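*Asks:*
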Amino acid sequence: MFASNFRRVFSAAFHQRTFTKVSLASHSRVQPSKFQFGNFRILAMAYSVEPRGAPNSLDYRLFFRNSNGQVISPFHDIPLYADKENQILNMVVEVPRWTNAKMEIDTAAPMNPIKQDVKKGKLRFVRNCFPHHGYIWNYGAFPQTWEDPNHTDASTKCKGDNDPLDVCEIGRKVAKRGEVIQVKVLGTLAMIDEGETDWKIFAIDVTDPLAKDMNDIDDIRRLMPGFLEASVNWFKIYKVPDGKPLNEFAFNEEPKNREFAMGIVNETSGQWQKLISGESDAGKLSCQNVTVDSSKYKVSAAEAQAEFDKAAPVADLIPRDPEVDNNNHFVNTKA
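Number 211 in my numbering belongs to position 211 of the sequence shown; there are no gaps in the numbering.
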């Protein structure tokens, strides 16, 4: 009971701190920095986020800027690798741990800001399915990856879900929405979502105290016993309160190891390269970017800024239904 109440109080405090205009730390402009990880150093590029509209509204957007203050796409302009030689990747955090708002990179909108998912005109929230509260990891995506909906995966025999690759960061820190963090890949889970392959990559922030001891999927089992099972359970049941069936998985619900996961990362990176070059059909996706020289979708900094200027003006947070935080759902996984 104490832990549950603590998470709720912490989540509410985090929510207020993140979204008030006067205290959004990510408005500040910072320079690229180097930090130590193991026996090598990583150049962490500086990114910031700037909100538009009111949090908890249909107009809310979170735009990304680079260290020069230019509007960029988190889908296309942030490199996948922070350090390719040492296999350290950039992750864009969409949903901080313990929160419920279903935030995602808007792949269809110019410059791909983060927005809250909408269904039938209403904002979407992940329900609290006992014993979980909100998302149990920092959840986000790998930039410059794409699960091609016209490609049938050799392992799952299902096509891609038309999104960047999803990432579950398992470290102890609660990240900020829109934060770009550096992670190492540990493994993956193959969820089958309404007939589509929806890979979930497990990763850990390289600055986490456990990062030096985690190199593969079995290290999660060893150092965080029960966590992989809890993650499978979370993905299996989280849509049930909204009237959906239990989700299914390939490989008998068994997560695959790091080597397998890195194969998925590199495969979806190749699919993104075909997308951004125009070789693959973009469909309804927006591929506008300001940094990919080989892309036919590259736009000027002024054009990118113009997309930001079209968004609704920043406004105060709108209170949301308290049922989102207070109601627990008990799901029968045997049904």
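Cβ coordinates follow ideal geometry from the N, Cα and C atoms, glycine included.
Here the structure is a predicted model, which is why all the values come from computation and not from measurement.
As a quick exercise: from ARG97, TYR139, ASP59, ASP148, pick the residue whose alpha carbon is nearest that of GLY270.
*Replies:* The count along the sequence shown starts at 1 and reaches residue 270 at position 270. Among ARG97, TYR139, ASP59, ASP148, the Cα nearest to that of GLY270 is on ASP148.
*Asks:* Since I believe MET111 is in contact with PHE142 (beta carbons under 8 Å), could you give me their beta-carbon distance rounded to a whole number of angstroms?
*Replies:* Stepping through the sequence shown from its first residue, residue 142 is reached at position 142. Stepping through the sequence shown from its first residue, residue 111 is reached at position 111. That belief does not hold up - the Cβ atoms of PHE142 and MET111 are roughly 18 Å apart, past 8 Å.
*Asks:* In whole angstroms, what is the alpha-carbon distance linking ILE136 and THR188?
*Replies:* Residue 136 sits at position 136 when you count from the first residue of the sequence shown. Residue 188 sits at position 188 when you count from the first residue of the sequence shown. Going from the Cα of ILE136 to the Cα of THR188 covers about 16 Å.
*Asks:* Just grab the DSSP bridge partners of THR197 for me.
*Replies:* Reading the sequence shown from its first residue, position 197 is the one you call residue 197. THR197 pairs with GLY160, ILE192.
*Asks:* Looking at VAL126 and TYR238, is the spacing between their C-beta atoms short of 8 Å?
*Replies:* Position 238 of the sequence shown, counted from the first residue, corresponds to residue 238. Position 126 of the sequence shown, counted from the first residue, corresponds to residue 126. Result yes, Cβ atoms of TYR238 and VAL126 sit closer than 8 Å.
*Asks:* Cutting at 6 Å between CB atoms, please list the residues of its own chain near ASN128, excluding the five before and the five after it.
*Replies:* Translated into positions along the sequence shown, residue 128 becomes position 128. So the qualifying residues of the chain are ASN328.
*Asks:* Would you call ALA154 buried or exposed, if buried means 16 or more other Cβ atoms sit within 10 Å of its Cβ?
*Replies:* Residue 154 sits at position 154 when you count from the first residue of the sequence shown. Under this definition ALA154 is an exposed residue.
*Asks:* Between the C-alpha atoms of THR337 and HIS132, what's the straight-line distance to the nearest angstrom?
*Replies:* Any answer about residue 337 is impossible in this case: the structure gives the chain only from 1 up to 335.
*Asks:* Please classify PRO74: is it buried, with 16 or more other beta-carbons within 10 angstroms of its beta-carbon, or exposed?
*Replies:* Walking along the sequence shown from the start, residue 74 turns up at place 74. Buried, because 16 or more other Cβ atoms sit within 10 Å of the Cβ of PRO74.
*Asks:* Determine the DSSP secondary structure at GLU50, reduced to helix, strand or coil.
*Replies:* Within the sequence shown, residue 50 is the residue found at index 50, counting from 1. Strand.
*Asks:* Rounded to the nearest angstrom, what separates GLY283 and ASP161 at their Cα positions?
*Replies:* Counting from one through the sequence shown, the residue named residue 283 turns up at place 283. Counting from one through the sequence shown, the residue named residue 161 turns up at place 161. Those two C-alpha atoms are separated by around 13 Å.
*Asks:* Take ARG65 as the anchor and find which of PRO313, GLU307, VAL324 has the nearest alpha-carbon.
*Replies:* Residue mapping note: residue 65 aligns to position 65 of the sequence shown, counting from 1. Of PRO313, GLU307, VAL324, the residue nearest in Cα terms is GLU307.
*Asks:* Among ALA54, GLU194, HIS151, PHE202, which residue has its Cα nearest to the Cα of ALA230?
*Replies:* Residue mapping note: residue 230 aligns to position 230 of the sequence shown, counting from 1. If we check each option's Cα against that of ALA230, PHE202 comes out closest.
*Asks:* Quick one: using the 10 Å Cβ neighbour count with 16 as the cut-off for buried, is ASN100 buried or exposed?
*Replies:* As a working note, residue 100 is residue 100 in the sequence shown. It is buried - the Cβ of ASN100 has at least 16 other Cβ atoms within 10 Å.
*Asks:* What is the residue span of the beta strand (DSSP E) that ILE88 lies within?
*Replies:* Looking up residue 88 in the sequence shown gives position 88. Where ILE88 is concerned, the enclosing beta strand (DSSP E) stretches over 88 to 95.
*Asks:* Is the beta carbon of ALA211 less than 8 Å from the beta carbon of ARG52?
*Replies:* Along the sequence shown, one-based indexing puts residue 211 at 211. Along the sequence shown, one-based indexing puts residue 52 at 52. Contact flag unset, no.
*Asks:* If you draw a straight line from the C-alpha of VAL331 to the C-alpha of PHE235, how long is it?
*Replies:* Mapped onto the sequence shown, residue 331 falls at position 331. Mapped onto the sequence shown, residue 235 falls at position 235. Going by C-alpha positions, VAL331 is about 12 Å away from PHE235.
*Asks:* In terms of residue numbering, what span does the beta strand (DSSP E) encompassing VAL206 cover?
*Replies:* For the purposes of this step, residue 206 is taken as residue 206 along the sequence shown, with counting starting at 1. Premise fails: VAL206 is in no beta strand (DSSP E) and is neither H nor E.
*Asks:* Tell me whether the region 180 to 194 and the region 251 to 267 touch, counting them as touching only if at least three CB pairs, one residue from each stretch, are closer than 8 Å.
*Replies:* yes
*Asks:* Taking the DSSP output, what are the residues bridged to VAL118?
*Replies:* Here residue 118 refers to the residue found at position 118 of the sequence shown. LEU123.
*Asks:* Per DSSP, what kind of secondary structure is THR99 in: helix, strand or coil?
*Replies:* What you label residue 99 is simply residue 99 of the sequence shown in a count that begins at 1. In this structure, THR99 counts as coil in the three-state DSSP scheme.
*Asks:* Considering only the beta carbon of each residue, do GLY140 and VAL167 sit closer than 8 Å?
*Replies:* Taking the sequence shown and counting its residues from 1, the one referred to as residue 140 is at position 140. Taking the sequence shown and counting its residues from 1, the one referred to as residue 167 is at position 167. Yes; because the gap between Cβ atoms is below 8 Å, this pair is in contact.
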